[in-house]
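Engineer: Line order of the protein sequences matches chains A, B, C and D. In case it helps, our numbering puts the first sequence at residues 36 to 376. In case it helps, our numbering puts the second sequence at residues 36 to 376. In case it helps, our numbering puts the third sequence at residues 36 to 376. In case it helps, our numbering puts the fourth sequence at residues 36 to 376. Please see the structure below; I have some questions.
4 protein chains.
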Amino acid sequence: MKLRVGIFGGSGYGGAELLRLLLLHSAVEIALVTANEHAGKAVSEVHRNLYGLTELRFTRVPEDLEALELDCLFLALPHGQALEVVPRVPAGLKVIDLSGDFRLSDQGAFERHYGREHTAMQEQAEFVYGLTETNREAIKGARRVANPGCFATATLLGLAPLVANNFLSGRVVVDAKTGSSGSGAKPAANTHHPQRMNSFYAYKPFTHQHVPEIEQELRSVGDWTSELVFMTHSLPVARGIFATIYAETRDARSESQIRALYQDYYQDSFFVRLVKGSPDINWVKTTNFCDIGFAARERQLVIFSAIDNLVKGAAGQAVQNMNLMFGFDEKMGLILTGSNP
Amino acid sequence: MKLRVGIFGGSGYGGAELLRLLLLHSAVEIALVTANEHAGKAVSEVHRNLYGLTELRFTRVPEDLEALELDCLFLALPHGQALEVVPRVPAGLKVIDLSGDFRLSDQGAFERHYGREHTAMQEQAEFVYGLTETNREAIKGARRVANPGCFATATLLGLAPLVANNFLSGRVVVDAKTGSSGSGAKPAANTHHPQRMNSFYAYKPFTHQHVPEIEQELRSVGDWTSELVFMTHSLPVARGIFATIYAETRDARSESQIRALYQDYYQDSFFVRLVKGSPDINWVKTTNFCDIGFAARERQLVIFSAIDNLVKGAAGQAVQNMNLMFGFDEKMGLILTGSNP
Amino acid sequence: MKLRVGIFGGSGYGGAELLRLLLLHSAVEIALVTANEHAGKAVSEVHRNLYGLTELRFTRVPEDLEALELDCLFLALPHGQALEVVPRVPAGLKVIDLSGDFRLSDQGAFERHYGREHTAMQEQAEFVYGLTETNREAIKGARRVANPGCFATATLLGLAPLVANNFLSGRVVVDAKTGSSGSGAKPAANTHHPQRMNSFYAYKPFTHQHVPEIEQELRSVGDWTSELVFMTHSLPVARGIFATIYAETRDARSESQIRALYQDYYQDSFFVRLVKGSPDINWVKTTNFCDIGFAARERQLVIFSAIDNLVKGAAGQAVQNMNLMFGFDEKMGLILTGSNP
Amino acid sequence: MKLRVGIFGGSGYGGAELLRLLLLHSAVEIALVTANEHAGKAVSEVHRNLYGLTELRFTRVPEDLEALELDCLFLALPHGQALEVVPRVPAGLKVIDLSGDFRLSDQGAFERHYGREHTAMQEQAEFVYGLTETNREAIKGARRVANPGCFATATLLGLAPLVANNFLSGRVVVDAKTGSSGSGAKPAANTHHPQRMNSFYAYKPFTHQHVPEIEQELRSVGDWTSELVFMTHSLPVARGIFATIYAETRDARSESQIRALYQDYYQDSFFVRLVKGSPDINWVKTTNFCDIGFAARERQLVIFSAIDNLVKGAAGQAVQNMNLMFGFDEKMGLILTGSNP
């Protein structure tokens, strides 16, 4: 018996990746996928990579969520829409939300960063934050998972072992860069090809909505009291996030000491790969891996963290969480080999 | 005394290039540049490459064109808008139109390919087709110039010597490829960076609006009776057109015979460079050059033609034509060195 | 019991793709992979996408091929090296050669196009040409398969239905474009990033080594007597081949007639997808699909064919052939979903 | 009377840019350009962008430098070669060296970072560091100029006003990113197109050779005592450097206070443009501009600095320095408009 899963919001890049992964997941059957603007159209007409691989068609979001008889519902909707869907979801139907709607337990922080009222804080309280590697046990028992943001994933996986072991002192600077798919499937000025292909620039200084999410989770991982300076930049590639994290350790540490700490922390985490030197987004693209490397000089420590923003930073991690929530091996359907080149 | 020039439609890529070229043209003063949606804004706020180089501001298209006291007016408006402007232009003001509105003398062909009624065929009759290298003398005396399309420029410069000398027999196949700036400055699905950067595809088979333009001009250059198969494709670069032209000569010809023919035909054409082997869009980008190469095998002849779609394919050729219309050296303001890389 | 396969030449891009595909192939165990210059190194040190996914190490090509007890040997060596390996391979060990060494049955054509003597024409006679879709039955029974070239694959799949049904008259022009991975994993002037990223140019006019391969196979598919004009170009993407094929049909044909012909010809060919309008390399990248589209105007017919040069154009087709040679489902291990974007 | 200038090392990208700029410089005549491996070849055969624009041919480095009767000599040689040339240069011939050979006054630092012995420290003492904006007066009177490194230029222009005014406290983190042309014109693994086009990674952590250069000059600009954490990364574009500089001010400062400080410091510096928000490498490519932007939050200050690595980061600044050394307007030949897109 396969799980019956639904995807609300299947036309964006998050939905595209969920479809790509779940179509090949041996324990899953996709029961429905919605996209209001494409309702009635073949999925493979929008995601032409899937042509020949699925007969699925997009539907509208149905009125009666009970009647769908789903086991698991993925929400890959624009920010704000899950706020309206979640209160209508039957209690027995597990939900994984890829948006930012239910990540923050601080209503004020949500409203400041997302610029909208939060109308479902009661439901929010049931959500478990879905950073698999730091929150595995809670996710196993969760009915509701708030899947992390892409920048938050790269940053948190880079910092968690240090914070959990109380290694840090002083402010932490995160210089983060993302590919253009992070801006979504809808054309816009900042993703216009003639501009973007020769472009690199910073945006949203100090104010990115992933900042409160990162700080909230660092406090949950350990005793986080440092100042966080977080800066996002745009890269002229389609996929990938690279975070360069500048920290200071309480005492001088060698790279091999740091590596040992990470090895210990991530010993059961297949998808975190500790690399020599710097990772490269080229080696994680289309995969669920987070590659982490280091450089240390006395108390100065630099951590490099690289993911595919749409996989480990979104749909891949969502499937990883689904696997845990239903008692499957965390890696099921996620052994993706990437490619060279 | 400098020429007073105006640019109508200064916010698109054609306008951007006109500004780039005319700001440094020693015989020209830009008297006004319009962009309705940006009226009042500094030009350098939209074209941030020009920040620090000009104090110009965008205006709306003025009611009274006479009062502007212009010597030359460039129209870089979306297709269809010049149809409305041109009839209002004072007789003494020279006009260079970069759109397709006045290129075709066959009203039916215009209406079929541009999908709109032609409301100014009387004015059209005054326009000289602005392919400088084939039409130089007529341009010198022209009051109205219809600047060629980008694909038409690359194709016509590749074919003109052969047609003028009646070398061809049989159908001609043109496989043409363009960079993303050819789609304009407005974001759209086909120029969305995450898609475009790994993309190559064909579009508008048999029906591209440059086809009647090319055929019209080939008939003017020589005795053109061949069938033309013309196919456009999209390249994942910002700038550049590359046309591969497959022809058959009446008799077997060596590459050096062909080269001699072109050398003769283009002996006074500084901007046509005959190269060894294949040209590369990399070597003409941001310049007004058209690089042409050949390969021949008996009666089979392949001509390669490469331009920058925004320079020789639009604004550069427009300035070249302005130079001729006002008695300047054709090269004035157009000695652009490109760059390596 | 899994098949024991070996890969000779595992460090190039062909080898990289074989590893990516065979590591996840459920009926296969990779017994060894060679790379003389990396002997002793972990495979995942060279193909860093595979880090964490395999413990394989590169070895040298062993002296005693018998002792390996392999079922299937893939040769992904530089052109010319398979000539020396194949005569040493035990009769019972099936071989799939990805190079050009054994594709041509005409020794003179081989020597002209590859610039070397053919020292194993006797062995060549045993090779079956591995274009799966046109040669399926022969491949099923083959001990030796010469895997097609990437350009040849795209071109032949585009032309086969027309030639098999004797639809064509007159010369055929193929304008083919390839991504930079087609030049291999070794850095060279034409793949130097600062140049290549803004580049498009033609190369090897009339003389590409895939020409005799294409002509040989067209003669085997049907009654091919047309002249072939074949031109290769370089695209600024990593992966993908796009062939625009210009043909003339004996009689005027509509697109739907052409489509019906192709549907019939490829009705059992999962990996050939007939698309509306033009295919796009973006939708086949990292997959084994060949996407084909058409445009027709009276007797003029244009066929568009798009593949990933390293998958359907190399390693994917090799695995497809292995599947047939060992009685597996042709699709086994090859249901690759590509990605969007 | 034009200046007679020579270029030693004209085949690399630094030489390519010098040629591009000096060919159009109205006060300059290029008397010779060397490239040992291309001696005898036309410059335009190597730098095909210059085809039709110059008849210059590459020569070998001549024995007798006196006989050349040059006014100014540019050295654009690989690191280490200027060490051998400079001692042979006649005293009256002005030299601008684009390499790192003469930038550091600390012999130990040079030898540690460049991995070679410094054999001309006596000559080094005569060199003025050529960061035009901070060193203008000294450059005017200099006979020998050590042109800054590309990363150093972007970083120093970003930090100079703060250091000169003693605004900073605590460590400074510089996260710097460069395009692929920074690795030179010679193909290498890290600039192999199939890898690089989807790549982003860090390299040379803590040890980049521009670190001592930056620290040396910051000490000359003001009272620099902070710790510098400097990290270099590779971008998948051809041109551009973007430095994100994380600093802390002694007291909380608003963005407008910071902007006023920079406006004052750079009031006579045409090539430094203070932008709103973030600069973008897209807007400085092929120009001599350095675009600087800011974000401030209490004592946290982030400075963004963007240049073209080959122009303001190399050849453009060299010409700017030449202009000063010979009493010309600093901007002469350097009003480059960039392009959009």
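Cβ coordinates follow ideal geometry from the N, Cα and C atoms, glycine included.
Please specify which runs of the alpha helix (DSSP H), each continuous and at least 4 residues long, are wholly inside the stretch 123-175 of chain B, giving them in chain order.
Structural biologist: 142-149, 156-159 and 167-175
Engineer: Use the C-beta contact count for D/D303: other C-beta atoms within 10 angstroms, 16 or more gives buried, fewer gives exposed.
Structural biologist: exposed
Engineer: DSSP state of A/L54, grouped into three classes?
Structural biologist: helix
Engineer: In whole angstroms, what is the alpha-carbon distance linking C/I42 and C/T372?
Structural biologist: The straight-line gap from Cα to Cα measures roughly 25 Å.
Engineer: In the DSSP assignment, the beta strand (DSSP E) including C/Y236 goes from what residue to what residue?
Structural biologist: Y236 to Y238
Engineer: Taking only beta-carbon positions, decide if B/H389 is within less than 8 Å of chain A.
Structural biologist: Because chain B spans 36 through 376 in this model, residue 389 of chain B falls outside it and cannot be assessed.
Engineer: In chain A, which residues lie less than 8 Å from B/T226 when you measure between Cβ atoms?
Structural biologist: P222, H227, H228 and P229
Engineer: For D/G184, is the classification buried or exposed, using 16 other Cβ atoms within 10 angstroms of its Cβ as the cut-off for buried?
Structural biologist: buried
Engineer: From the beta carbon of D/P376, is the nearest beta carbon of chain A less than 8 Å away?
Structural biologist: yes
Engineer: Rounding to the nearest angstrom, what Cα-Cα distance links C/A237 and C/H268 in this structure?
Structural biologist: 4 Å
Engineer: Identify which residue in A/R254, A/Q335, A/L133 and A/G47 has its Cα closest to the Cα of A/A282.
Structural biologist: A/Q335
Engineer: Measure the C-alpha to C-alpha separation of D/P122 and D/E158 and round it to an integer number of angstroms.
Structural biologist: 7 Å
Engineer: Out of A/R288, A/G150 and A/V198, state which residue places its alpha-carbon closest to the alpha-carbon of A/G115.
Structural biologist: A/G150
Engineer: Does the beta-carbon of D/P229 have 16 or more other beta-carbons within 10 angstroms, so that it is buried, or is it exposed?
Structural biologist: buried
Engineer: What does a CB cutoff of less than 6 Å around A/F162 pick up in its chain, not counting 5 residues either side in sequence?
Structural biologist: Once the five neighbours on either side are set aside, the close Cβ partners of A/F162 are F137, R179 and A181.
Engineer: In the DSSP assignment, what residue or residues form a beta bridge with B/F339?
Structural biologist: B/T279 and B/G328
Engineer: For B/G214, which option in B/S374, B/E252, B/G275 and B/V264 has the closest C-alpha, if you only look at C-alpha atoms?
Structural biologist: B/G275
Engineer: Look up C/R285 in the DSSP assignment and say whether it is helix, strand or coil.
Structural biologist: coil
Engineer: So what's D/F202 in DSSP terms, helix, strand or just coil?
Structural biologist: Correct three-state label for D/F202: coil.
Engineer: Can you check whether the CB of A/V272 is closer than 8 Å to the CB of D/N225?
Structural biologist: No. Outside cutoff.
Engineer: Suppose you measure from the CA of B/A62 to the CA of B/K37; what does that come to, to the nearest Å?
Structural biologist: 5 Å
Engineer: Can you find the residues in the same chain that come closer than 6 Å, C-beta to C-beta, to C/M367, ignoring five residues on each side of it along the sequence?
Structural biologist: N358
Engineer: Considering Cα atoms alone, identify which of B/V198, B/S79 and B/T94 is closest to B/G87.
Structural biologist: B/S79
Engineer: Got a sec: is the Cβ-Cβ distance from A/N317 to anything in chain D below 8 Å?
Structural biologist: yes
Engineer: By the criterion of Cβ-Cβ separation under 8 Å, what are the contact partners of C/G87 in chain G?
Structural biologist: The chain inventory of the structure shown lacks chain G, comprising the protein chains A, B, C and D.
Engineer: Name, going along the chain, the residues of the stretch 40-68 of chain C whose beta-carbon falls closer than 9 Å to a beta-carbon of chain A.
Structural biologist: Y48, A51, E52, L54, R55, L56, L58 and L59
Engineer: Can you say whether A/Q298 is buried or exposed, counting buried as having 16 or more other CB atoms within 10 angstroms of its CB?
Structural biologist: The residue is exposed, with fewer than 16 neighbouring Cβ atoms inside 10 Å.
Engineer: In three-state terms, what does DSSP make of D/M232?
Structural biologist: coil
Engineer: Against chain B, with Cβ distances strictly below 8 Å, would D/I370 count as a contact?
Structural biologist: yes
Engineer: Do you know whose CA, among A/L309, A/K311, A/A341 and A/N170, lies nearest A/T322's CA?
Structural biologist: A/A341
Engineer: Does the beta carbon of D/R83 sit closer than 8 Å to a beta carbon anywhere in chain B?
Structural biologist: At a cut-off of 8 Å between beta carbons, D/R83 contacts chain B.
Engineer: Name, in chain order, the residues that DSSP records as bridge partners for B/C107.
Structural biologist: B/V40 and B/K129
Engineer: For chain A, is any of its Cβ atoms less than 8 Å away from the one on C/T167?
Structural biologist: no
Engineer: If we define contact as Cβ-Cβ less than 8 Å, is A/S216 a contact residue for chain C?
Structural biologist: yes
Engineer: Do A/G75 and A/A350 have their C-beta atoms closer together than 8 Å?
Structural biologist: Remark: C-beta atoms of A/G75 and A/A350 do not approach each other more closely than 8 Å.
Engineer: Using three-state DSSP, classify A/H245 as helix, strand or coil.
Structural biologist: When secondary structure is reduced to three states using DSSP, A/H245 falls in the helix class.
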